[in-house]
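Here the structure is laid out as structure tokens; the discussion comes afterwards.
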Amino acid sequence: MARSKGIEVIQHNNARVEINHDTQIVTKHYFRKASEFYVRREAKWLRKLTRFDVAPKFIDYSGKTIVMKYVGKAVTPETLPDDWEAQLNNIADKLVKVKCFYLDLQLVHLRVLNGKIRLIDFGQTRTANPARKWIPELIRERMLNIVSPLVQNYIK
Ligand SMILES: Nc1ncnc2c1ncn2[C@@H]1O[C@H](COP(=O)(O)OP(=O)(O)O)[C@@H](O)[C@H]1O
Ligand SMILES: [Mg+2]
151 MARSKGIEVI QHNNARVEIN HDTQIVTKHY FRKASEFYVR REAKWLRKLT
201 RFDVAPKFID YSGKTIVMKY VGKAVTPETL PDDWEAQLNN IADKLVKVKC
251 FYLDLQLVHL RVLNGKIRLI DFGQTRTANP ARKWIPELIR ERMLNIVSPL
301 VQNYIK
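Going left to right, the sequence shown walks through residues 151 to 306 as the working numbering numbers them.
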């Protein structure tokens with residue numbers, strides 16, 4: 151029988167995240183005020199983005215819990231793929247397409263699995279005001295700015 155890789159639990163201020171490394175399924179349980187609102191919001195964005203494969207595939211949600219696919223480890227000098235710039239541009243293109251105003255950009259929210267970069271944590275994400283078309287574009291510059299220092303420090 152294959153050895154179980156087990157369940158990893160990560161708890162921050164807003165949610166408890168359980169990663170099942172056998173099934174590659176992630177369960178995020180919000181435990182703050184208005185959790186249902188954040189779950190619905192995150193589910194909405196994961197659904198919109200699922201076909202572009204730039205965020206975790208959406209599986210299900212109910213009450214305060216959302217279920218999605220595992221998308222790997224945070225970007226670091228070691229995990230960052232060579233074509234990171236093209237991948238970040240592609241992610242930004244898709245965010246612009248669905249008018250996604252992603253507000254919570256941090257390196258830990260950019261994950262890498264088998265060389266593919268994806269964005270996580272859409273609980274804070276808003277819809278960009280159509281009158282301000284440039285807003286979703288900001289995320290492109292911000293992603294390139296937070297990731298590029300990893301490369302300069304990278305010693306092969
Ligand atoms: N789909 C996922 N794949 C891999 N790791 C994830 C995934 N979702 C969450 N995580 C892990 O759980 C942590 C917390 O998830 P996140 O969605 O950022 O919750 P919070 O709202 O508490 O910040 C992330 O920093 C990451 O380590
Ligand atoms: Mg987070």
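Beta carbons are placed, not taken as given, at the ideal position from N, Cα and C, and that holds for glycine.
From a predicted model like this one, the values you see are computed outputs, not experimental measurements.
{"Asked": "Grab me the residues of E186's own chain with a C-beta within less than 7 Å of its C-beta, minus the 5 sequence neighbours each way, in chain order.", "Found": "G213, K214"}
{"Asked": "Kindly indicate the opening and closing residues of the alpha helix (DSSP H) around N295.", "Found": "285 to 302"}
{"Asked": "Considering only the beta carbon of each residue, do V204 and L260 sit closer than 8 Å?", "Found": "no"}
{"Asked": "Can you name, in chain order, every residue of its own chain whose Cβ lies under 8 Å from the Cβ of V198, other than the five neighbours on each side?", "Found": "Note that residue 198 corresponds to Lys in the displayed sequence, not to Val. Taken in chain order, the residues that qualify are V248, C250."}
{"Asked": "Can you list, in chain order, the residues of its chain with a C-beta nearer than 7 Å to that of Y166? Leave out the 5 residues immediately preceding and following it.", "Found": "With the sequence shown as reference, residue 166 is identified as Arg, and Tyr is not the correct amino acid for it. So the list reads V159, H179, F181, once near-sequence residues are dropped."}
{"Asked": "Enumerate, from N- to C-terminal direction, the unbroken alpha helix (DSSP H) stretches of 4 or more residues contained entirely within the stretch 188 to 247.", "Found": "234 to 247"}
{"Asked": "Cα-Cα, which of P286, T173, A193, R276 is closest to N240?", "Found": "P286"}
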